[in-house]
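Engineer: First, the structure itself, so that you have it in front of you.
2 protein chains.
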Amino acid sequence: MKIPGDIRVVRYVAHPDGAELRKCFSLSQMRVPEVDQGEVLVRPIYLRMDPYQRIRMRPESDFEGGPIRGGPLRLGEVEPGRGSGVIVQSGHPSFSPGDHVSGEMHWAELTAVPAAALEKLPPLRGSLRLSQSILGGPGLTAYFALHETARALAGETVVVTGAAGGVGALAIQMAKAMGCRVVGIAGGEEKCRFIMENLGADAAIDHRAGEIEAALARACPDGIDVFLDGVGGALHDAAIPLMRVRGRVVVLGAIDRYDAGNGIDLGPRNLYLIAINRLRIQGFLVGDHVADYPAALSEIRQAIDRGQLHAVDTVREGLNEAPAVFEGLFRGAAIGKLLLQVHPDPEEQPEAA
Amino acid sequence: MKIPGDIRVVRYVAHPDGAELRKCFSLSQMRVPEVDQGEVLVRPIYLRMDPYQRIRMRPESDFEGGPIRGGPLRLGEVEPGRGSGVIVQSGHPSFSPGDHVSGEMHWAELTAVPAAALEKLPPLRGSLRLSQSILGGPGLTAYFALHETARALAGETVVVTGAAGGVGALAIQMAKAMGCRVVGIAGGEEKCRFIMENLGADAAIDHRAGEIEAALARACPDGIDVFLDGVGGALHDAAIPLMRVRGRVVVLGAIDRYDAGNGIDLGPRNLYLIAINRLRIQGFLVGDHVADYPAALSEIRQAIDRGQLHAVDTVREGLNEAPAVFEGLFRGAAIGKLLLQVHPDPEEQPEAA
Chain F
16 MKIPGDIRVV RYVAHPDGAE LRKCFSLSQM RVPEVDQGEV LVRPIYLRMD
66 PYQRIRMRPE SDFEGGPIRG GPLRLGEVEP GRGSGVIVQS GHPSFSPGDH
116 VSGEMHWAEL TAVPAAALEK LPPLRGSLRL SQSILGGPGL TAYFALHETA
166 RALAGETVVV TGAAGGVGAL AIQMAKAMGC RVVGIAGGEE KCRFIMENLG
216 ADAAIDHRAG EIEAALARAC PDGIDVFLDG VGGALHDAAI PLMRVRGRVV
266 VLGAIDRYDA GNGIDLGPRN LYLIAINRLR IQGFLVGDHV ADYPAALSEI
316 RQAIDRGQLH AVDTVREGLN EAPAVFEGLF RGAAIGKLLL QVHPDPEEQP
366 EAA
Chain G
16 MKIPGDIRVV RYVAHPDGAE LRKCFSLSQM RVPEVDQGEV LVRPIYLRMD
66 PYQRIRMRPE SDFEGGPIRG GPLRLGEVEP GRGSGVIVQS GHPSFSPGDH
116 VSGEMHWAEL TAVPAAALEK LPPLRGSLRL SQSILGGPGL TAYFALHETA
166 RALAGETVVV TGAAGGVGAL AIQMAKAMGC RVVGIAGGEE KCRFIMENLG
216 ADAAIDHRAG EIEAALARAC PDGIDVFLDG VGGALHDAAI PLMRVRGRVV
266 VLGAIDRYDA GNGIDLGPRN LYLIAINRLR IQGFLVGDHV ADYPAALSEI
316 RQAIDRGQLH AVDTVREGLN EAPAVFEGLF RGAAIGKLLL QVHPDPEEQP
366 EAA
């Protein structure tokens with residue numbers, strides 16, 4: 016591949032002021048970066064739109080609460096993000112031009128990153144895309160949250176927030192495959208229909224329709240054993256009083272609060288119910304399970320082959336669109352994992368006849 | 016012992032209206048109850064003033080959130096409560112008059128209870144009193160919360176709320192014996208001095224002095240590994256942002272909320288910090304560990320013999336005083352476990368020379 020002299024990149028140029036996150040970014044041109052020893056030049060194919068990226072957009076003064084991977088963004092830097100792509104030039108013996116990789120990259124047409132930030136993808140058709148959803152972070156998050164942290168059992172009632180989202184749409188399917196009764200909470204009728212018809216949920220609750228508590232109580236007549244929550248706020252408040260004795264809450268995130276001040280809110284306050292019902296509320300980061308990724312990925316692949324699981328993503332095209340697509344993530348604009356496609360996917364090219 | 020025809024009892028006669036809990040009770044006379052098959056007549060010596068008793072004083076309509084042992088109190092019933100005493104008459108082969116027992120009884124001069132609600136105390140001097148604090152529920156709660164649920168390690172920082180209270184005063188000593196750095200939070204200078212001088216805490220914070228967050232941050236320069244909390248509210252809010260990665264919060268109760276409406280509050284809300292720091296918040300009831308009581312009691316006794324632990328309680332006298340003493344529990348009127356002594360303790364009589 017011919018390497019151009021100039022490339023387009025998306026820079027982070029302003030801290031958020033309200034919900035119009037697209038205003039925080041600006042498209043610009045720069046020279047192709049030099050590839051130092053230990054680095055590689057990557058052509059991103061898919062960039063993941065991840066909720067945690069919103070946290071890094073807080074001013075540095077709002078980071079007192081805890082460590083964020085990578086820390087706060089500096090104004091002017093090229094937006095970092097996870098994704099998959101193809102090696103174009105390599106300064107590291109483990110990677111060669113043409114290799115397909117997944118890992119930390121940037122919102123750019125080409126990006127130079129340390130080799131340690133990437134892993135090679137298996138030479139399977141569809142890897143570039145699947146590695147960003149069911150065979151990557153979102154799939155592993157759903158898997159470990161259900162199997163390890165919550166230890167959901169057949170017959171138990173599992174409630175999932177963000178049920179049509181990147182992690183949620185996989186958690187719904189996995190919990191069904193585990194023999195659980197599964198209730199999804201999502202925003203809007205379309206998503207609720209999708210959860211029921213395409214993912215096999217036993218019930219779906221549209222949180223935009225109001226009266227969440229009553230709807231959740233009706234959908235969970237025996238209470239909730241496992242609550243997978245990446246949203247927080249009113250959805251979390253509705254679920255806690257329905258938790259059964261020894262119920263498990265897995266906190267995957269709190270997207271409800273990512274744009275609210277410093278995101279550090281009062282609480283937890285429902286300690287009375289936590290105590291008497293011996294609830295366990297467990298914070299979760301998938302990276303804690305890295306040693307078990309290979310075994311989990313193998314199980315997920317087998318479940319896909321059996322037809323028990325399928326990937327759920329929404330792909331939007333064009334680096335120019337990155338700011339608007341990212342903003343859409345927080346407006347619930349997508350079903351499944353939201354991906355931005357920067358370049359055509361070489362694994363999806365029509366094969367030569 | 017001669018059994019009188021009439022006895023005094025304390026009845027629960029009105030639901031709470033504000034903090035003057037003594038108004039909820041009334042002293043009255045009744046005939047000595049008949050002892051049915053399987054029951055025993057007990058002469059209570061010490062009655063424990065327990066925070067959970069306040070929860071049972073809520074109207075039935077406020078019990079939707081979860082099960083409370085025994086359910087809501089009925090107006091007019093004799094106040095039930097835990098304590099220790101001496102068997103006066105027995106309708107069950109396991110108990111004989113003169114046996115010293117601990118378990119569920121009532122605020123009364125004599126009370127008939129099912130034999131299953133009691134356990135026999137070992138014939139050791141001091142058992143009647145110690146069984147209500149360090150060698151009973153409070154001691155076992157502190158023990159299992161630290162050893163099993165939090166799994167506190169030597170060198171870790173442990174923060175305890177209600178640090179001069181029934182459970183807290185024991186948890187402070189146990190955590191010190193485990194090699195932890197221990198910080199107690201209590202109300203008032205006297206209690207803070209007691210925690211430092213008598214219990215060996217490394218730091219004490221007076222939550223009545225204000226600025227809890229700043230004081231806690233100063234007392235925990237490396238953050239908090241284990242947070243034992245039976246209070247909740249502002250103290251909980253102050254601790255969560257200081258929790259270290261993989262910190263453990265054990266929720267022993269939420270005394271802060273027991274008199275607030277139905278006690279079921281919004282939240283937990285601090286999900287952002289719970290997620291990124293992978294905190295674990297675990298509700299706790301000591302009864303879940305009943306199979307391990309004998310081993311734990313044996314360890315606690317050995318620690319007492321080594322001088323590492325000592326009982327902390329406050330004894331007030333007279334059944335008449337029960338309503339006022341109980342109210343005092345929620346005003347922080349006592350150091351250590353608050354006990355009401357109904358009759359003289361036969362184990363504390365001067366021995367015959």
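The listed protein sequences derive, respectively, from chains F and G.
Each residue of the first sequence is one higher than the one before, starting from 16 at the first, in my numbering.
Each residue of the second sequence is one higher than the one before, starting from 16 at the first, in my numbering.
Even for Gly, the Cβ is constructed at its ideal location relative to N, Cα and C.
Treat the numbers as computed from the prediction; the structure is a model and nothing was measured.
Just checking my contact of G351 of chain G with G202 of chain G at CB under 8 angstroms: how many whole Å lie between their CB atoms?
Structural biologist: For the purposes of this step, residue 351 of chain G is identified with residue 336 of the second sequence, where counting begins at 1. For the purposes of this step, residue 202 of chain G is identified with residue 187 of the second sequence, where counting begins at 1. The Cβ separation is near 14 angstroms, so there is no contact.
Engineer: Considering only C-alpha positions, which residue in the set F:I289, F:D307, F:V174 and F:L155 is nearest to V246 of chain G?
Structural biologist: Position 231 of the second sequence, counting from 1, holds the residue named residue 246 of chain G. Selected option, being the one with the closest Cα: F:I289.
Engineer: Taking just the CA atoms, how far does F159 of chain G sit from V24 of chain G?
Structural biologist: Residue numbering aside, residue 24 of chain G sits at position 9 when the second sequence is read from its first letter. Residue numbering aside, residue 159 of chain G sits at position 144 when the second sequence is read from its first letter. Each residue's alpha carbon lies about 34 angstroms from the other.
Engineer: Whose Cβ in chain G lies nearer than 9 angstroms to the Cβ of S323 of chain F?
Structural biologist: Position 308 of the first sequence holds residue 323 of chain F. Residue 323 of chain F is actually Gln in this sequence, not Ser. By Cβ distance, chain G contributes nothing, its closest Cβ being about 28 angstroms from Q323 of chain F, past 9 angstroms.
Engineer: Whose CA, out of G:I255, G:R73 and G:D237, lies closest to the CA of E228 of chain G?
Structural biologist: To locate residue 228 of chain G, count along the second sequence from 1; it is residue 213. Taking only the C-alpha atoms, the option nearest E228 of chain G is G:I255.
Engineer: Only counting the same chain, and skipping five residues up and downstream in sequence, which positions put a Cβ closer than 6 angstroms to that of L281 of chain F?
Structural biologist: Stepping through the first sequence from its first residue, residue 281 of chain F is reached at position 266. Caution applies to L281 of chain F, whose pLDDT of 45 falls short of 50 and renders its modelled position unreliable; the model cannot decide the point.
Engineer: Return the CA-CA distance between A157 of chain G and A29 of chain F, expressed in angstroms with no decimal places.
Structural biologist: Residue 157 of chain G sits at position 142 when you count from the first residue of the second sequence. Residue 29 of chain F sits at position 14 when you count from the first residue of the first sequence. For A157 of chain G and A29 of chain F, the distance between alpha carbons rounds to 50 angstroms.
Engineer: Consider the Cβ of L155 of chain F: report whether some Cβ of chain G lies at a distance smaller than 7 angstroms.
Structural biologist: Residue mapping note: residue 155 of chain F aligns to position 140 of the first sequence, counting from 1. So, not an interface residue.
Engineer: Residues in its own chain within less than 6 angstroms of Q297 of chain G by CB, not counting five upstream and five downstream?
Structural biologist: The residue labelled residue 297 of chain G in the question sits at position 282 within the second sequence. For Q297 of chain G, where only same-chain residues beyond five positions count, the Cβ hits under 6 angstroms are T164 and V265.
Engineer: Does A169 of chain G pass the burial test, meaning 16 or more other C-beta atoms within 10 Å, or should it be called exposed?
Structural biologist: Mapped onto the second sequence, residue 169 of chain G falls at position 154. Exposed, since its Cβ has fewer than 16 Cβ neighbours within 10 Å.
Engineer: Just checking: is the beta-carbon of L294 of chain F within a distance shorter than 7 angstroms of some beta-carbon in chain G?
Structural biologist: One-based indexing of the first sequence puts residue 294 of chain F at position 279. Yes, its Cβ sits closer than 7 angstroms to a Cβ of chain G.
Engineer: Can you tell me whether H121 of chain F is helix, strand or coil according to DSSP?
Structural biologist: Along the first sequence, read from residue 1 onward, the residue named residue 121 of chain F stands at position 106. If DSSP states are grouped into helix, strand and coil, H121 of chain F belongs with the strands.
Engineer: Give me, in chain order, the residues of the same chain whose beta-carbon lies closer than 6 angstroms to that of K191 of chain F; leave out the 5 immediate sequence neighbours on both sides.
Structural biologist: Locating residue 191 of chain F in the first sequence gives position 176, where the first residue counts as 1. Excluding sequence neighbours, K191 of chain F sits near V197 and G215.
Engineer: Can you pull the chain G neighbours of Q297 of chain F, defined as C-beta to C-beta under 9 angstroms?
Structural biologist: Reading the first sequence from its first residue, position 282 is the one you call residue 297 of chain F. I289, R293, L294, R295, I296 and Q297, listed in chain order.
Engineer: How far does the alpha helix (DSSP H) with F345 of chain G in it reach, from first residue to last?
Structural biologist: Your numbering for residue 345 of chain G matches position 330 in the second sequence. No alpha helix (DSSP H) contains F345 of chain G, which DSSP labels as neither H nor E.
Engineer: State buried or exposed for K206 of chain F, treating a residue as buried only when at least 16 other CB atoms are found within 10 Å of its CB.
Structural biologist: Translated into positions along the first sequence, residue 206 of chain F becomes position 191. So K206 of chain F ends up on the buried side.
Engineer: Report the option in G:A348, G:R346, G:E336 and G:P309 whose CA atom is closest to the CA atom of Q356 of chain G.
Structural biologist: Within the second sequence, the letter at position 341 stands for residue 356 of chain G. Nearest option by C-alpha distance: G:E336.
Engineer: Could you tell me the distance, in whole angstroms, from the CA atom of G262 of chain F to the CA atom of D320 of chain G?
Structural biologist: Position 247 of the first sequence, counted from the first residue, corresponds to residue 262 of chain F. Position 305 of the second sequence, counted from the first residue, corresponds to residue 320 of chain G. Cα to Cα, G262 of chain F sits roughly 39 angstroms from D320 of chain G.
Engineer: For R284 of chain G, count the other beta carbons within 10 Å of its own beta carbon; 16 or more makes it buried, fewer makes it exposed. Which is it?
Structural biologist: Locating residue 284 of chain G in the second sequence gives position 269, counting from the first residue. Legend: pLDDT at R284 of chain G = 49, less than 50; position of this residue unreliable, value from coordinates given subsequently. Burial call: buried.
Engineer: So A127 of chain F packs on V50 of chain F, CB below 8 angstroms; how close in whole Å?
Structural biologist: Here residue 127 of chain F is taken as the residue at index 112 of the first sequence, counted from 1. Here residue 50 of chain F is taken as the residue at index 35 of the first sequence, counted from 1. Indeed, because the Cβ distance is near 5 angstroms, the residues count as touching under 8 angstroms.
Engineer: Verify whether the separation of the beta carbon atoms of V116 of chain F and L139 of chain F is less than 7 angstroms.
Structural biologist: Here residue 116 of chain F refers to the residue found at position 101 when the first sequence is read from its first residue. Here residue 139 of chain F refers to the residue found at position 124 when the first sequence is read from its first residue. Result no, Cβ atoms of V116 of chain F and L139 of chain F do not sit closer than 7 angstroms.
Engineer: Evaluate R153 of chain F with the Cβ neighbour count: other Cβ atoms within 10 Å of its Cβ, from every protein chain shown; 16 or more gives buried, anything less gives exposed.
Structural biologist: The residue you call residue 153 of chain F lines up with position 138 of the first sequence. In the sequence as displayed, the identity of residue 153 of chain F is Pro instead of Arg. Classification of P153 of chain F: buried, given that the 10 Å Cβ count is 16 or more.
Engineer: Hey, could you find the ends of the beta strand (DSSP E) E134 of chain G is sitting in?
Structural biologist: For the purposes of this step, residue 134 of chain G is identified with residue 119 of the second sequence, where counting begins at 1. Looking at the DSSP string, the run of the beta strand (DSSP E) that includes E134 of chain G is L133 to K135.
Engineer: Can you check whether the CB of R58 of chain F is closer than 7 angstroms to the CB of V93 of chain F?
Structural biologist: Along the first sequence, one-based indexing puts residue 93 of chain F at 78. Along the first sequence, one-based indexing puts residue 58 of chain F at 43. Contact flag unset, no.
Engineer: Taking the CB atoms as reference points, tell me whether F40 of chain F and P309 of chain F lie closer together than 7 angstroms.
Structural biologist: For the purposes of this step, residue 40 of chain F is identified with residue 25 of the first sequence, where counting begins at 1. For the purposes of this step, residue 309 of chain F is identified with residue 294 of the first sequence, where counting begins at 1. In this structure, P309 of chain F does not lie closer than 7 angstroms to F40 of chain F by Cβ.
Engineer: What's the C-alpha gap between I18 of chain G and V103 of chain G?
Structural biologist: In the second sequence, counting from the first residue as 1, residue 18 of chain G sits at position 3. In the second sequence, counting from the first residue as 1, residue 103 of chain G sits at position 88. So the two alpha carbons sit approximately 8 angstroms from each other.
Engineer: Need the endpoints of the beta strand (DSSP E) that R46 of chain F sits in, please.
Structural biologist: Residue mapping note: residue 46 of chain F aligns to position 31 of the first sequence, counting from 1. Looking at the DSSP string, the run of the beta strand (DSSP E) that includes R46 of chain F is F40 to R46.
Engineer: Quick check: the Cα distance between F209 of chain F and A184 of chain F, rounded to an integer number of angstroms?
Structural biologist: To locate residue 209 of chain F, count along the first sequence from 1; it is residue 194. To locate residue 184 of chain F, count along the first sequence from 1; it is residue 169. Taking the straight line joining both Cα atoms gives about 9 angstroms.
Engineer: Return yes when the Cβ of R97 of chain G is within less than 7 angstroms of the Cβ of E9 of chain G, no when it is not.
Structural biologist: The first residue shown for chain G is 16 and the last is 368, placing residue 9 of chain G beyond what the model contains.
Engineer: Short check: CB of L312 of chain F to CB of A318 of chain F, under 7 angstroms?
Structural biologist: As a working mapping, residue 312 of chain F is identified with position 297 in the first sequence. As a working mapping, residue 318 of chain F is identified with position 303 in the first sequence. No, Cβ-Cβ distance for L312 of chain F and A318 of chain F is not below 7 angstroms.
Engineer: My output table needs one value for E204 of chain G: the three-state DSSP class, helix, strand or coil.
Structural biologist: In the second sequence, residue 204 of chain G corresponds to position 189, counting from 1. Looking at E204 of chain G - three-state DSSP - the assignment turns out to be helix.
Engineer: For D240 of chain F, which of helix, strand or coil comes out of DSSP?
Structural biologist: Within the first sequence, numbered from 1, the residue matching residue 240 of chain F stands at position 225. Strand at D240 of chain F.
Engineer: According to the Cβ coordinates, are T176 of chain F and I239 of chain F closer than 7 angstroms?
Structural biologist: Taking the first sequence and counting its residues from 1, the one referred to as residue 176 of chain F is at position 161. Taking the first sequence and counting its residues from 1, the one referred to as residue 239 of chain F is at position 224. Cβ distance not < 7 angstroms, so T176 of chain F and I239 of chain F don't count as in contact.
Engineer: State the DSSP-derived secondary structure class of G282 of chain F, mapped to helix, strand or coil.
Structural biologist: Here residue 282 of chain F is taken as the residue at index 267 of the first sequence, counted from 1. Note on G282 of chain F: pLDDT 45, under 50, position unreliable in the model; the coordinate value appears next. In this structure, G282 of chain F counts as coil in the three-state DSSP scheme.
Engineer: Along the chain, where does the alpha helix (DSSP H) containing I4 of chain F start, and where does it finish?
Structural biologist: The structure shown does not extend to residue 4 of chain F, since chain F is modelled only from 16 through 368, so no value can be given for it.
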